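Residue numbers (the numbering used here): -8 to 178. Inspection log for the structure reproduced underneath, given as structure tokens.
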Ligand code: HEM
């Protein structure tokens, strides 16, 4: 499985999700106002996940730890920097979810729930202030889309890699033989 080049993936994901320098600056600027309310966002996120039949079993016995890591991640959305290291972290978070066998739709579903909560929070704080609300909502859409794109990229490669491991174990084929065959096939 080829290694990910984060110096390519990071700018690619930024262009695709509209994460511009201006929006990055807006997120960091809003940090001091938004961060104190993120514990509530986390609480509501897990309340919804506990009410969904497919997600609830994955939370048993680890809710307190999950809330801590989740809140820390939410705070990072309003801290920055949104660089290659952040992209690598999100890639790792994707792999953690693959390892515990979460279905891939948990990523997009989860992110929709988070964005939903963040939209409500921005309206709570800024009301319908046209100077703050629309640009900040666009910036939140961009950073959550950026994070999701990277998590799903990781999902894709980790799932493929796990499938390949299973295939090699079932067939008894060596990785070298598989790579030679795959190389010969594509040439
Ligand atoms: C899409 C938005 C999501 C984000 C940003 C997110 C974020 C995180 C983070 C930062 C971690 C810690 C990773 C580490 O140990 O380095 C984590 C772990 C975990 N998340 Fe999520 N998560 C998301 C969605 C979900 C959903 C929908 C579920 C459903 C139950 C879930 C269940 C878990 C579990 C079970 C772990 C712990 C895995 C382990 O270490 O055993 N996550 N998540």
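Using N, Cα and C, we set each Cβ at its ideal position, and we do this for glycine too. A quick note: this is a predicted structure, and the numbers were derived from the prediction, not measured.
Check                                                                                                   : Outcome
Beta carbon of residue 130 nearer than 7 Å to that of residue 18                                        : yes
Residue 43 to residue 60 span [Cα, whole Å]                                                             : 20 Å
Distance cut-off 6 Å: residue 49 Cβ against heavy atoms of the ligand HEM                               : yes
Residue 40: CB within 6 Å of a non-hydrogen atom of the ligand HEM                                      : yes
Residue environment, residue 89, which counts as buried when at least 16 other CB atoms sit within 10 Å : buried
With 16 other Cβ atoms within 10 Å as the buried cut-off, status of residue 103                         : exposed
heavy atom of the ligand HEM below 6 Å from residue 101 C-beta                                          : yes
Residue 166 - DSSP class collapsed to helix/strand/coil                                                 : helix
Spatially closest choice to residue 142 from 31, 98, 93 and 32, by CA coordinates                       : 98
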